[in-house]
Amino acid sequence: MTKDDLRRQLRTARRDHVAALPASMRTLVFMRPPAPLLELVPDGAVVGLYRATANEAPTAAYARYFIEQGHDLALPRFADTHSAMEFARFTDPFAESDLESGPFGVMQPAGDTDTLEPGVLIVPLVGFTASGARLGQGGGHYDRWLADHPGTIAIGLAWDSQMVDDLPSEAHDIPLSAVVTPTRIYGPFA
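So for the sequence shown, our numbering puts the first residue at 1043; every next one is plus one.
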């Protein structure tokens, strides 16, 4: 099975999983990072997150938690659809008043906001393995960013239904430091 075939299959499974969850349950999951994840986050680290789409594991409560603990936050930002991903300061995880629509239709920090370099990065994914392999959306943005920033602690956030036994791997695929689901944490991996 190709990565694109696997992405289609996993996106369908993720969508069906999220649709089956009661709305009240969706608001309760991912409310506070679990203790093993918090042990991976150094004091004062800049925490990068993604702004979740409808079926992705939500990051909003994690953003509020980390800013309340004194961490600077950053979200991905793109100047246009052909530019490299960068991270920019995110100061308002409560009302998101400092965000604007980006070139991919996702809310991102305004163009004049300071760039930041996360030491810890919560990454989106389509699929993952119990050993930390990640299948992303297919654009390679996170793999390229992580390759250019070695030492970044990359933590996947996912629904349990996104776990698979094995993923096709290529030289540019960057493994995760850990994966958090509503029911458990995988890792940390060496």
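We put the beta carbon where it would ideally sit given N, CA and C, even for glycine.
Boundaries (first-last residue) of the beta strand (DSSP E) holding residue i
| i | result |
| --- | --- |
| Leu1199 | Ile1195 to Leu1199 |
| Phe1129 | Glu1128 to Arg1131 |
| Leu1218 | Note, Leu1218: premise wrong, no beta strand (DSSP E); not H, not E. |
| Gln1111 | No beta strand (DSSP E) holds Gln1111; DSSP gives it neither H nor E. |
| Pro1151 | Met1149 to Pro1151 |
Reduced DSSP category for residue i - H, G, I as helix; E, B as strand; rest coil
| i | result |
| --- | --- |
| Arg1093 | coil |
| Arg1074 | coil |
| Ser1143 | strand |
| Arg1226 | coil |
| Met1067 | helix |
| Leu1080 | helix |
| Ala1105 | helix |
| Pro1118 | strand |
| Pro1100 | coil |
Pairwise C-alpha distance: residue j and residue i
| i | j | result |
| --- | --- | --- |
| Leu1188 | Arg1106 | 24 Å |
| Ala1116 | Asp1185 | 17 Å |
| Ser1125 | Pro1151 | 15 Å |
| Lys1045 | Asp1207 | 14 Å |
| Asp1190 | Gly1144 | 22 Å |
| Val1148 | Gly1181 | 15 Å |
| Glu1159 | Pro1076 | 23 Å |
| Phe1146 | Ser1203 | 26 Å |
| Arg1226 | Gly1153 | 37 Å |
| Ser1139 | Phe1132 | 9 Å |
| Gln1051 | Ala1094 | 19 Å |
| Pro1230 | Gly1174 | 9 Å |
| Ala1130 | Asp1122 | 15 Å |
| Leu1141 | Asp1156 | 13 Å |
| Ala1065 | Phe1072 | 14 Å |
| Ala1096 | Arg1049 | 16 Å |
| Ala1061 | Met1067 | 11 Å |
| Pro1192 | Leu1082 | 16 Å |
Start and end residues, alpha helix (DSSP H) containing residue i
| i | result |
| --- | --- |
| Arg1053 | Lys1045 to Ala1062 |
Taking 8 Å as the cut-off, does the stretch 1205-1218 touch the stretch 1080-1095 (at least 3 CB pairs, one atom from each stretch)? They do not touch, by the three-pair rule.
Residue ranges of each beta strand (DSSP E) within the stretch 1157-1216, 3 or longer: The stretch 1157-1216 contains, as complete beta strand (DSSP E) runs of 3+ residues, the segments 1162-1165 and 1195-1199 (chain order).
For the stretch 1050-1065 against the stretch 1162-1170, do three or more pairs of beta-carbon atoms, one drawn from each stretch, fall closer than 8 Å, so that the two count as touching? Touching, yes.
Three Cβ pairs or more, each shorter than 8 Å: is that satisfied between the stretch 1219-1227 and the stretch 1197-1210? Result yes; three or more Cβ-Cβ pairs closer than 8 Å.
Counting Cβ pairs, one atom from each stretch, are 3 or more of them under 8 Å apart for the stretch 1159-1166 and the stretch 1092-1104? Contact between the stretch 1159-1166 and the stretch 1092-1104 is present, with at least three C-beta pairs closer than 8 Å.
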